[in-house]
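J.: For reference, the structure I am asking about is given below.
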Amino acid sequence: MHRLIPPLILVCALFSGAAKAAPSPASDVPASSATNWILGHRLLREGDVKSALRYLHLAYRSDPDQPLIAMDFQFALAAEGYVSDAIAVMDRLVAAYPDSSSWRLRRSGLNIRAGQMDAALADLKELRRRGEISLDVLATEAAIHLRQGRVGAALDAYRDAMYVMPEHKAEIYLGMVDVMQQGGETAAIPELLEEALDALPGNPGLWISYVRTLAVLGRHTDALEAATRADREILPLKPPPDVTDDAMVPAAHGSRRNAPSAQRWPQDSFRVDLADVYARTGDLERAVLVLEDLDENGSLGLTASLWLARMLIGTGRHEEAAAQIDRITDTWPESGRGRYLQGKLAESLGNWEGAILEYRQAVRLDVRDPEIGVALARAMLVAWEPFLAGPRSDRADSLREELHRVTMQAATQVAASDTPSQLILGYAFRAADDNDRAAWRFGMAAEDSGLRLTAYIQQSICYDEMGDTARARRVLERLRREYPDNAEVANSLGYFLAEKGADLEMAESLVREALETEPNNGAFLDSLGWVYYRLERYDDAFDHLVQAVNVLPEDPVVLEHLGLTLLALGRKEEARTTLQRALAVGGDAERLTDLLASTRED
Numbered sequence: 021m022h023r024l025i026p027p028l029i030l031v032c033a034l035f036s037g038a039a040k041a042a043p044s045p046a047s048d049v050p051a052s053s054a055t056n057w058i059l060g061h062r063l064l065r066e067g068d069v070k071s072a073l074r075y076l077h078l079a080y081r082s083d084p085d086q087p088l089i090a091m092d093f094q095f096a097l098a099a100e101g102y103v104s105d106a107i108a109v110m111d112r113l114v115a116a117y118p119d120s121s122s123w124r125l126r127r128s129g130l131n132i133r134a135g136q137m138d139a140a141l142a143d144l145k146e147l148r149r150r151g152e153i154s155l156d157v158l159a160t161e162a163a164i165h166l167r168q169g170r171v172g173a174a175l176d177a178y179r180d181a182m183y184v185m186p187e188h189k190a191e192i193y194l195g196m197v198d199v200m201q202q203g204g205e206t207a208a209i210p211e212l213l214e215e216a217l218d219a220l221p222g223n224p225g226l227w228i229s230y231v232r233t234l235a236v237l238g239r240h241t242d243a244l245e246a247a248t249r250a251d252r253e254i255l256p257l258k259p260p261p262d263v264t265d266d267a268m269v270p271a272a273h274g275s276r277r278n279a280p281s282a283q284r285w286p287q288d289s290f291r292v293d294l295a296d297v298y299a300r301t302g303d304l305e306r307a308v309l310v311l312e313d314l315d316e317n318g319s320l321g322l323t324a325s326l327w328l329a330r331m332l333i334g335t336g337r338h339e340e341a342a343a344q345i346d347r348i349t350d351t352w353p354e355s356g357r358g359r360y361l362q363g364k365l366a367e368s369l370g371n372w373e374g375a376i377l378e379y380r381q382a383v384r385l386d387v388r389d390p391e392i393g394v395a396l397a398r399a400m401l402v403a404w405e406p407f408l409a410g411p412r413s414d415r416a417d418s419l420r421e422e423l424h425r426v427t428m429q430a431a432t433q434v435a436a437s438d439t440p441s442q443l444i445l446g447y448a449f450r451a452a453d454d455n456d457r458a459a460w461r462f463g464m465a466a467e468d469s470g471l472r473l474t475a476y477i478q479q480s481i482c483y484d485e486m487g488d489t490a491r492a493r494r495v496l497e498r499l500r501r502e503y504p505d506n507a508e509v510a511n512s513l514g515y516f517l518a519e520k521g522a523d524l525e526m527a528e529s530l531v532r533e534a535l536e537t538e539p540n541n542g543a544f545l546d547s548l549g550w551v552y553y554r555l556e557r558y559d560d561a562f563d564h565l566v567q568a569v570n571v572l573p574e575d576p577v578v579l580e581h582l583g584l585t586l587l588a589l590g591r592k593e594e595a596r597t598t599l600q601r602a603l604a605v606g607g608d609a610e611r612l613t614d615l616l617a618s619t620r621e622d
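Residue numbers (the numbering used here): 21 to 622.
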């Protein structure tokens, strides 16, 4: 058996340029190659690398000498783990364009991934021979030394470069910070950054790195003092927004490429950036303390105020969160995020209808915010589940129509890579009776290994409800191959076969296997009872379905199965009572009414 809305719902730059100009695909690429490349390139930009690879492979086979196609193809190959094949593509490109520094550097990086250090160094030596030393060359050379366990050599490569590229001294220091992080010498980073700040006291990227490092090392007092000093002495030097470049966008944490650039300014302030570090590392209480201190001094902008409110909700401080959100909506009445947090607060208090009202307001204020749209669809799923999962009625149909409209709107804003949101959209489309779109969204969610099992089970249900039995079975059999020891998968495939009256012996074996893992699982007991019903072993069916009802006394599907079994056993009065219970708790009204009529016939 399956539930319409499972409990899970509640938890819930492509390449460098070549030295030689690449030909235009419109004029130089054959039509079929251009079509496949355009499709693949678009999918690559959207983050769907696996699908992109199929089209790019076709384009490359047709025109392997087209640089645009080749670069996209090798990128997709490397992203999917086919590093040797990506190197082969780069070998051909470098042979055709030997003066391209960026392509040699790309090939060197791929050779590092493949463990071919000599080949990687050969390209770097050629670049050095030409005098083409850059920050990217330094980073690649440092990566080779790190792979060989030579942290000192990697640091020396950067230090030597300070004399060759003094204008990049700040970036070089940050490169050294990255080397020390990867080399396990994190404790020595503050001393290095203090040296850097003595040399370049006004550099914002160095200050950001210094504050973050102190926080990560647990030197919280020092981190706050450094952030406060930077806010006092450095933040006033921040250029106005119209002359500030993309470096002002806050970086993600945890990777070399996303480490703070030398000219990156904090989006709000250095202390807000410090609070963000604490929030990202799970220390919400410390993040709240930093932001509350700023809030008391009137130093918080909209973004930081929203962070503070969200963290207050997350730490269960609901009264303080409510007061903070009220200040936000009073100060920034046009902020969709402010209304969104009103909805989050209502949701955290279990007031789902109230959350829906706030989310609706938030959507009106900011229809392009994907998180708001998904939150509204999710709240509707939870609040309206009794109607959405129950019998057809004018009220239920009206709610489904609104849910479908909201979900369609949200779906236009959600990125393909946002798999948790794709899963919620799948549930919402399914509840709104749009199984076609639901199946597609579940397929996108299944790209996330953590959601794959749940998403594919839901996708199979969608295909089944669409009448595509063969496709539904293929999805479940695929899951069975991928998760051979998973009880939920075994039960889902077994129940599916029982529903179709196909391979019933296999169905029995699968559900029994699931019950060995979870002998008291009501859904599994129902599945085995239903298998026995299909096998016309009604006494065995009765025994297991009674056990299932004891576990799930209000489940209309289980009650219907038991009622059918009682009918088959000739126990009409008991069958009638059981089927009436199934109808009362939201079972299929049309089908159950017909069954009840049959119990009254002589």
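All residues carry an ideal CB built from backbone N, CA and C; glycine is no exception. Remember, predicted model here, so these are calculated numbers, not experimental data.
#1: Figure out for me which residue from N570, T613, L582, T598 has the closest Cα to the Cα of Y552.
#2: Here's the rule I'm using: 16 or more other beta-carbon atoms within 10 Å means buried, otherwise exposed. How should A115 be labelled?
#3: Quick one: is R284 buried, meaning 16 or more other Cβ sit within 10 Å of its Cβ, or exposed?
#4: Taking C-alpha atoms, which residue in L471, L234, V495, G470 lies nearest to C482?
#5: Could you check which residue in G129, A307, V531, E187 has the C-alpha nearest to that of I164?
#6: Taking the C-alpha atoms as reference points, what is the distance between L314 and P353?
#7: In three-state terms, what does DSSP make of L332?
#8: Is A98 near A106, with beta carbons less than 8 Å apart?
#9: Are the CB atoms of Q136 and M110 nearer to each other than 8 Å?
#10: Tell me where the alpha helix (DSSP H) around K189 begins and ends.
#11: Pairs of beta-carbons, one from the segment 213-230 and one from the segment 281-301, closer than 8 Å: are there three or more?
#12: Identify whether D303 lies in helix, strand or coil by the three-state DSSP scheme.
#13: When you compare the CB positions of L328 and V297, do they come within less than 8 Å of one another, or not?
#14: Curious, which full-length alpha helix (DSSP H) runs of at least 4 residues does the segment 421-503 contain?
#15: Enumerated in chain order, which unbroken segments of the beta strand (DSSP E) with a length of 3 residues or greater are wholly contained in the segment 314-389?
#16: Could you please give the first and the last residue of the uninterrupted alpha helix (DSSP H) stretch that includes I89?
#17: Let's test the definition: count the other Cβ atoms within 10 Å of the Cβ of K258 and tell me whether it reaches 16, buried, or not, exposed.
#18: I'd like to check one pair, L572 with T585: are the Cβ atoms closer than 8 Å?
#19: Tell me the rounded alpha-carbon separation between E367 and A399.
#20: Using DSSP with H/G/I as helix, E/B as strand and the rest coil, what is E638?
#21: Run the CB neighbour count on G336, radius 10 Å, all protein chains shown included, and call it buried at 16 or more, exposed below.
#22: Going by CA-CA distance only, name the one from E508, R425, Q168, A79 that's closest to L530.
#23: Does the segment 166-180 come close enough to the segment 193-209 to have 3 or more Cβ pairs within less than 8 Å?
#24: Could you say which of M185, L361, L599 lies nearest to T619 if we only look at CA atoms?
#25: Find out if the Cβ-Cβ distance for the pair Y558, L589 is shorter than 8 Å.
#26: Any idea what DSSP makes of R554, helix, strand or coil?
#27: With C-beta atoms as the reference, is Y623 less than 8 Å away from A382?
#28: Let me confirm a value: N278 is counted as buried when at least 16 other C-beta atoms fall within 10 Å, else exposed. Which label applies?
#29: Quick one: what's got a C-beta closer than 6 Å to D11's C-beta in the same chain, skipping five residues either side?
#30: Around the C-beta of D138, are 16 or more other C-beta atoms found within 10 angstroms, so that it is buried, or is it exposed?
#31: Taking Cβ to Cβ, would you say A235 is nearer than 8 Å to L294?
#32: Here's a check: name, in chain order, each residue in its chain whose Cβ is nearer than 6 Å to the Cβ of T537, leaving out the five neighbours to either side.
#33: Note down the Cα distance separating L365 from A604, rounded to an integer number of angstroms.
#34: For L213 and T233, which I take to be in contact (beta-carbon distance under 8 Å), what is that distance rounded to the nearest angstrom?
#35: Tell me, to the nearest whole angstrom, how far the beta carbon of V402 is from that of A430; I am working on the premise that it is less than 8 Å.
T.: Per the coordinate set shown:
#1: L582
#2: exposed
#3: buried
#4: V495
#5: G129
#6: 21 Å
#7: helix
#8: yes
#9: no
#10: 189-202
#11: yes
#12: coil
#13: no
#14: 439-451, 455-465, 472-485, 489-502
#15: none
#16: 87-99
#17: exposed
#18: no
#19: 8 Å
#20: Residue coverage of the chain in this structure runs from 21 to 622, which leaves residue 638 outside it and unanswerable.
#21: exposed
#22: E508
#23: yes
#24: L599
#25: yes
#26: helix
#27: For the chain, the structure presents residues 21 to 622; residue 623 sits outside this window and is missing.
#28: Because the pLDDT of N278 is 42, which lies under 50, any placement of that residue in the model is unreliable, and the question is left without a value.
#29: Only positions 21 to 622 of the chain appear in this structure, which leaves residue 11 out of reach.
#30: exposed
#31: yes
#32: A507
#33: 34 Å
#34: 7 Å
#35: Rounded, the Cβ-Cβ distance is 15 Å, inconsistent with contact.
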